[in-house]
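> In the numbering used here, the protein residues as written are 1333 to 1453. Backbone N, C-alpha and C fix where the C-beta goes; we use that ideal spot for every residue, glycine too. Keep in mind that this is a model prediction, so the values were computed, not measured. Okay, handing you the structure first.
Here is the structure:
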């Protein structure tokens, strides 16, 4: 069955990971409550890869940073659009966005894109 996936790659300061995790856990619940099928936030572990472009390099992460690789799965692109609109209007999300934690990561350095599934087992 075809699904639609939003993917994210972002560098984050190592000393801000625990706060990021706290916020991501709250955000994931909002997305799931409003219709996302799956929500993943993964932290870099094995990133020093030779002879390939590493995730650290792709994210332009410094030595003081690590990489977050995350994705959200939806039934379809249309469902993604519907869910994201609801998320942006949800009071819980507004509260998170106004929580005074704007410096956890620089959203301008985040890579983001929507993807059609090619293989889904």
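Compute the distance between the beta-carbons of residue 1399 and residue 1409, then report whether it is under 7 Å.
No; because the gap between Cβ atoms is not below 7 Å, this pair is not in contact.
> For residue 1343, count neighbouring Cβ atoms within 10 angstroms of its own Cβ and tell me buried if that reaches 16, exposed if not.
Its Cβ being crowded by 16 or more others within 10 Å, residue 1343 is buried.
> I need the straight-line Cα distance from residue 1417 to residue 1386, nearest angstrom please.
Approximately 33 Å, taken between the alpha carbons.
> Excluding the 5 residues flanking residue 1406 on each side, which residues of the same chain have their C-beta closer than 8 Å to its C-beta?
So the qualifying residues of the chain are 1335, 1336, 1337, 1338, 1367, 1368, 1369, 1412, 1415.
> Could you tell me which residues DSSP puts in a beta bridge with residue 1400?
According to DSSP, residue 1400 bridges with 1342, 1375.
> Return the residue from the list 1451, 1437, 1453 that minimises the CA-CA distance to residue 1345.
Of 1451, 1437, 1453, the residue nearest in Cα terms is 1437.
> Considering Cα atoms alone, identify which of 1402, 1380, 1447, 1404 is closest to residue 1394.
Answer by Cα proximity: 1380.
> Would you kindly work out how many angstroms separate the C-alpha atoms of residue 1422 and residue 1430, rounded to a whole number?
Those two C-alpha atoms are separated by around 13 Å.
> Under DSSP, the beta strand (DSSP E) around residue 1352 begins and ends at which residues?
Not the beta strand (DSSP E): residue 1352 falls in the alpha helix (DSSP H), residues 1349-1365.
> With a CB to CB cut of under 8 Å and the five nearest residues on each side skipped, what residues in its chain are close to residue 1358?
1424, 1428, listed in sequence order.
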